[in-house]
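S.K.: Residue numbering for the sequence shown follows our numbering, starting at 1 and increasing by one per position.
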Amino acid sequence: MAQVLEFKLPDLGEGLTEASIVTWLVQVGDVVAVDQPVVEVETAKAMVEVPCPYGGVVTARFGEEGSELPVGSPLLTVAVGTPAEGEDGAEGSGNVLVGYGTTAAPARRRRVRLQDDVPASAPTAVGRVAPSASPAPTPEATPRSGPVPVISPLVRKLAREHGVDLRELPGSGPHGLILRADVESAMRETVQVRAHVAEAEAVAPAAAPTRAPAQVPTPSDASVDGIRVPLRGIRGAVADKLTRSRREIPDATCWVDADATEFMHARAAMNAAGGEKISVLALLARICTAALARYPELNSRVDLAAREVVQLDAVHLGFAAQTERGLVVPVVRDAHARDAESLSAEFTRLTEAARAGRLTPGELTGGTFTLNNYGVFGVDGSTPIINHPEAAMLGVGRIIPKPWVHQGELAVRQVVQLSLTFDHRVCDGGTAGGFLRYVADCVEQPAVLLRTL
Numbered sequence: 001m002a003q004v005l006e007f008k009l010p011d012l013g014e015g016l017t018e019a020s021i022v023t024w025l026v027q028v029g030d031v032v033a034v035d036q037p038v039v040e041v042e043t044a045k046a047m048v049e050v051p052c053p054y055g056g057v058v059t060a061r062f063g064e065e066g067s068e069l070p071v072g073s074p075l076l077t078v079a080v081g082t083p084a085e086g087e088d089g090a091e092g093s094g095n096v097l098v099g100y101g102t103t104a105a106p107a108r109r110r111r112v113r114l115q116d117d118v119p120a121s122a123p124t125a126v127g128r129v130a131p132s133a134s135p136a137p138t139p140e141a142t143p144r145s146g147p148v149p150v151i152s153p154l155v156r157k158l159a160r161e162h163g164v165d166l167r168e169l170p171g172s173g174p175h176g177l178i179l180r181a182d183v184e185s186a187m188r189e190t191v192q193v194r195a196h197v198a199e200a201e202a203v204a205p206a207a208a209p210t211r212a213p214a215q216v217p218t219p220s221d222a223s224v225d226g227i228r229v230p231l232r233g234i235r236g237a238v239a240d241k242l243t244r245s246r247r248e249i250p251d252a253t254c255w256v257d258a259d260a261t262e263f264m265h266a267r268a269a270m271n272a273a274g275g276e277k278i279s280v281l282a283l284l285a286r287i288c289t290a291a292l293a294r295y296p297e298l299n300s301r302v303d304l305a306a307r308e309v310v311q312l313d314a315v316h317l318g319f320a321a322q323t324e325r326g327l328v329v330p331v332v333r334d335a336h337a338r339d340a341e342s343l344s345a346e347f348t349r350l351t352e353a354a355r356a357g358r359l360t361p362g363e364l365t366g367g368t369f370t371l372n373n374y375g376v377f378g379v380d381g382s383t384p385i386i387n388h389p390e391a392a393m394l395g396v397g398r399i400i401p402k403p404w405v406h407q408g409e410l411a412v413r414q415v416v417q418l419s420l421t422f423d424h425r426v427c428d429g430g431t432a433g434g435f436l437r438y439v440a441d442c443v444e445q446p447a448v449l450l451r452t453l
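1) From R286 to R355, what distance separates their C-alpha atoms?
2) Would you mind stating whether A335 and L343 have Cβ atoms separated by less than 8 Å?
3) State the DSSP-derived secondary structure class of P361, mapped to helix, strand or coil.
4) Run through DSSP, which three-state label would A391 get?
5) Given this structure, state the Cα-to-Cα distance separating K241 from V32, to the nearest angstrom.
6) Count the other C-beta atoms from every protein chain shown that fall within 10 angstroms of the C-beta of D423, then say buried if there are 16 or more, exposed otherwise.
7) Which whole-angstrom value describes the C-beta separation of V426 and E297, a residue pair presumed to lie in contact below a C-beta threshold of 8 Å?
8) I'd like to know whether the C-beta atoms of L471 and G72 end up nearer to each other than 8 Å.
9) In the DSSP assignment, find the alpha helix (DSSP H) that holds G344 and state where it starts and stops.
10) Pick out whichever of R349, N373, L281, A392 has its Cα sitting closest to the Cα of S300.
11) Hey, would you say V415 sits closer than 8 Å to E363, going by beta carbons?
12) Cα separation between Y438 and A291?
13) Determine the contact status of A440 and A258, defining contact as a CB-CB distance below 8 Å.
14) Relative to the C-alpha of T23, which residue among P37, D30, L12 is closest?
15) Between which two residues does the alpha helix (DSSP H) holding C442 run?
16) Roughly how many angstroms lie between the CA atoms of V302 and R61, to the nearest whole one?
17) Distance check for R358 and V26, CA to CA, integer angstroms please.
18) Using only CA atoms, which one of T383, T323, A239, V238 lies nearest to V256?
19) Report all residues from its chain with a CB closer than 8 Å to the CB of N372; omit the five preceding and five following residues, and keep chain order.
20) Considering only C-alpha positions, which residue in the set R180, P401, F377 is nearest to E161?
21) Taking just the CA atoms, how far does R338 sit from P170?
22) Apart from the five residues just before and just after I386, which ones in its own chain have a Cβ nearer than 7 Å to its Cβ?
23) Taking the C-alpha atoms as reference points, what is the distance between D35 and L449?
24) How would you call H316, buried or exposed, if buried means at least 16 neighbouring beta carbons within 10 angstroms?
25) Alpha helix (DSSP H) containing G274: first to last residue?
26) Starting from V280, trace the alpha helix (DSSP H) both ways and give me its first and last residue.
27) So, is V310 buried or exposed, given that buried needs 16 or more other C-beta atoms within 10 angstroms?
28) So E49 and A19 are supposed to be a Cβ contact under 8 Å. How far apart are they, rounded?
29) Taking only three categories from DSSP, how would you classify T142?
30) What does the alpha-carbon distance come out to for the pair A282 and A340?
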């Protein structure tokens with residue numbers, strides 16, 4: 001007899017609680033092998049191929065392409081049973097998704113007729129079940145031992161966003177587990193209470209001679225015309241991170257104009273010498289790592305619990321990259337140990353992966369300092385928002401010809417504006433100014449970098 005096993009959307013790591021279905025890689029009726037990728041999903045971090053831990057026949061898929069599913073909700077079901085002659089055994093791998101891809105080669109996709117021994121209650125269509133089947137299960141977390149009222153990150157997030165106090169909320173799940181339905185019920189009750197209060201307040205002043213002003217629609221009113229764009233995926237992740245940065249970090253910004261003429265001449269000479277081409281971003285990154293070695297306070301993060309500033313040994317350099325899916329910040333690992341050629345090659349690789357949507361969460365997290373070259377958008381300056389939990393970000397504007405006093409005379413020089421936003425908890429303005437001045441000196445006179453290495 002075949003057994004229908006349910007495969008739920010696994011925890012994709014990095015604190016992610018939901019994912020959007022991009023492309024189904026299998027159809028209902030296909031035979032899948034153990035650890036074969038079955039769906040491509042998009043998280044707030046990257047595009048991920050999700051492998052199925054079971055081998056057998058796909059009996060149902062849950063969710064259309066473009067829909068969003070919370071972690072732990074049903075993804076698909078697989079009929080697992082005794083294999084026919086000449087077929088591989090259909091059994092689970094027991095693996096939990098950690099990263100991307102699988103070690104097993106994907107099996108050839110083929111459509112087969114389901115065995116007669118598949119239970120009648122098995123789902124028979126995409127996102128639907130046969131009439132005799134029970135509804136698709138809601139995503140619930142298995143209760144742990146001990147008093148655990150809620151363990152789903154999605155439920156916690158929902159409660160936090162809508163002001164629901166989980167400590168005062170009875171759970172309807174096993175052992176008092178608080179489910180998403182419990183939180184949504186509390187949210188509805190809150191709305192009803194507010195409606196009653198508003199009604200009572202409207203009746204109370206009815207005898208008064210003055211009239212209350214007509215209610216002015218707010219942007220949150222459903223009646224307001226306009227296009228609503230959900231903050232999901234990368235856009236939602238960026239919104240959350242920038243909001244947290246502004247809320248938690250007391251930042252300050254300083255800036256300086258620098259004569260980049262010699263910097264551009266040095267790059268042209270390096271590229272003329274042969275070998276791999278060196279990008280402007282790679283040379284700026286090399287200057288940044290040298291500056292961070294002199295001012296390590298800016299390569300740090302704040303441990304609020306311990307009330308300590310942790311200065312980090314390695315420089316994992318993030319850089320802002322604009323893609324069709326939104327702004328992402330890939331991270332160059334151990335940038336302090338790379339030369340300009342290696343940095344240039346890594347920037348190119350990560351940028352191409354970002355635009356193709358192939359960056360992994362590991363390539364998008366763990367940065368210690370960010371370099372933002374917004375000059376590619378044709379602007380001169382900006383006040384960068386720190387990429388939480390880092391301590392600083394260097395912004396670089398466009399490099400353009402401008403009037404400049406050079407050696408006591410007015411001349412046309414290649415000028416760039418450099419902006420540094422820093423966490424004022426990790427250092428004072430003197431340290432931040434010293435860092436920025438050193439970067440500007442290296443841009444104006446590249447020999448300064450060679451002298452201080």
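Each residue gets a CB set at the ideal place from its N, CA and C atoms; glycine is no exception. Just so we're clear, the structure is a prediction, and the values are computed from it rather than from any experiment.
M.R.: A quick look at the data gives this:
1) Stepping through the sequence shown from its first residue, residue 286 is reached at position 286. Stepping through the sequence shown from its first residue, residue 355 is reached at position 355. Taking the straight line joining both Cα atoms gives about 24 Å.
2) Sequence index remark: in the sequence shown, residue 335 carries index 335 (1-based). Sequence index remark: in the sequence shown, residue 343 carries index 343 (1-based). In contact: A335 and L343 (Cβ atoms closer than 8 Å).
3) Position 361 of the sequence shown, counting from 1, holds the residue named residue 361. Looking at P361 - three-state DSSP - the assignment turns out to be helix.
4) Residue numbering aside, residue 391 sits at position 391 when the sequence shown is read from its first letter. Three-state DSSP puts A391 in coil, outside helix and strand.
5) In the sequence shown, counting from the first residue as 1, residue 241 sits at position 241. In the sequence shown, counting from the first residue as 1, residue 32 sits at position 32. Looking at the two C-alpha atoms, the distance is approximately 38 Å.
6) Stepping through the sequence shown from its first residue, residue 423 is reached at position 423. Classification of D423: buried, given that the 10 Å Cβ count is 16 or more.
7) By one-based count along the sequence shown, residue 426 stands at place 426. By one-based count along the sequence shown, residue 297 stands at place 297. Confirmed, about 5 Å.
8) The requested residue 471 is not part of the displayed model; the chain covers only 1 to 453.
9) As a first step, residue 344 must be located in the sequence shown, where it is residue number 344. The question names Gly, but residue 344 is Ser in the sequence shown. Residues 340–355.
10) Working through the sequence shown from its first residue, we reach residue 300 at position 300. Of the listed residues, the one whose Cα sits closest to S300 is A392.
11) The residue given as residue 415 occupies position 415 in the sequence shown. The residue given as residue 363 occupies position 363 in the sequence shown. Going by C-beta atoms, V415 is not nearer than 8 Å to E363.
12) Within the sequence shown, numbered from 1, the residue matching residue 438 stands at position 438. Within the sequence shown, numbered from 1, the residue matching residue 291 stands at position 291. Taking the straight line from one Cα to the other gives about 7 Å.
13) Residue 440 sits at position 440 when you count from the first residue of the sequence shown. Residue 258 sits at position 258 when you count from the first residue of the sequence shown. Yes.
14) Locating residue 23 in the sequence shown gives position 23, where the first residue counts as 1. With distances taken between Cα atoms, T23 lies closest to P37.
15) Looking up residue 442 in the sequence shown gives position 442. It spans 429–444 - the alpha helix (DSSP H) in which C442 sits, taken as one unbroken run.
16) Locating residue 302 in the sequence shown gives position 302, counting from the first residue. Locating residue 61 in the sequence shown gives position 61, counting from the first residue. Each residue's alpha carbon lies about 44 Å from the other.
17) Indexing the sequence shown from 1 puts residue 26 at position 26. Indexing the sequence shown from 1 puts residue 358 at position 358. So the two alpha carbons sit approximately 20 Å from each other.
18) Your numbering for residue 256 matches position 256 in the sequence shown. Selected option, being the one with the closest Cα: T383.
19) One-based indexing of the sequence shown puts residue 372 at position 372. Answer for N372: F319, A320, S382, P384, M393, L394, G395, V396, listed in chain order.
20) The residue you call residue 161 lines up with position 161 of the sequence shown. Closest option to E161, Cα to Cα, is R180.
21) As a position in the sequence shown, residue 170 is number 170, starting the count at 1. As a position in the sequence shown, residue 338 is number 338, starting the count at 1. The alpha-carbon atoms of P170 and R338 are separated by roughly 55 Å.
22) To locate residue 386, count along the sequence shown from 1; it is residue 386. Excluding positions up to five away in sequence, the list reads S245, I249, D251, A392, M393, T421, D423.
23) Within the sequence shown, numbered from 1, the residue matching residue 35 stands at position 35. Within the sequence shown, numbered from 1, the residue matching residue 449 stands at position 449. Taking the straight line joining both Cα atoms gives about 50 Å.
24) Residue mapping note: residue 316 aligns to position 316 of the sequence shown, counting from 1. Result: buried.
25) Indexing the sequence shown from 1 puts residue 274 at position 274. No alpha helix (DSSP H) contains G274, which DSSP labels as neither H nor E.
26) Locating residue 280 in the sequence shown gives position 280, counting from the first residue. Taken as a continuous stretch (DSSP letters only), the alpha helix (DSSP H) holding V280 covers 280–294.
27) Stepping through the sequence shown from its first residue, residue 310 is reached at position 310. It counts as exposed.
28) Stepping through the sequence shown from its first residue, residue 49 is reached at position 49. Stepping through the sequence shown from its first residue, residue 19 is reached at position 19. 12 Å between Cβ atoms; not a contact.
29) Locating residue 142 in the sequence shown gives position 142, counting from the first residue. Note that T142 has pLDDT 36, beneath the 50 cutoff, so the model's placement of it is unreliable and the number below is only indicative. Reduced to three states, the DSSP call for T142 is coil.
30) For this step, residue 282 is matched to residue 282 along the sequence shown. For this step, residue 340 is matched to residue 340 along the sequence shown. Cα to Cα, the separation comes out at about 6 Å.
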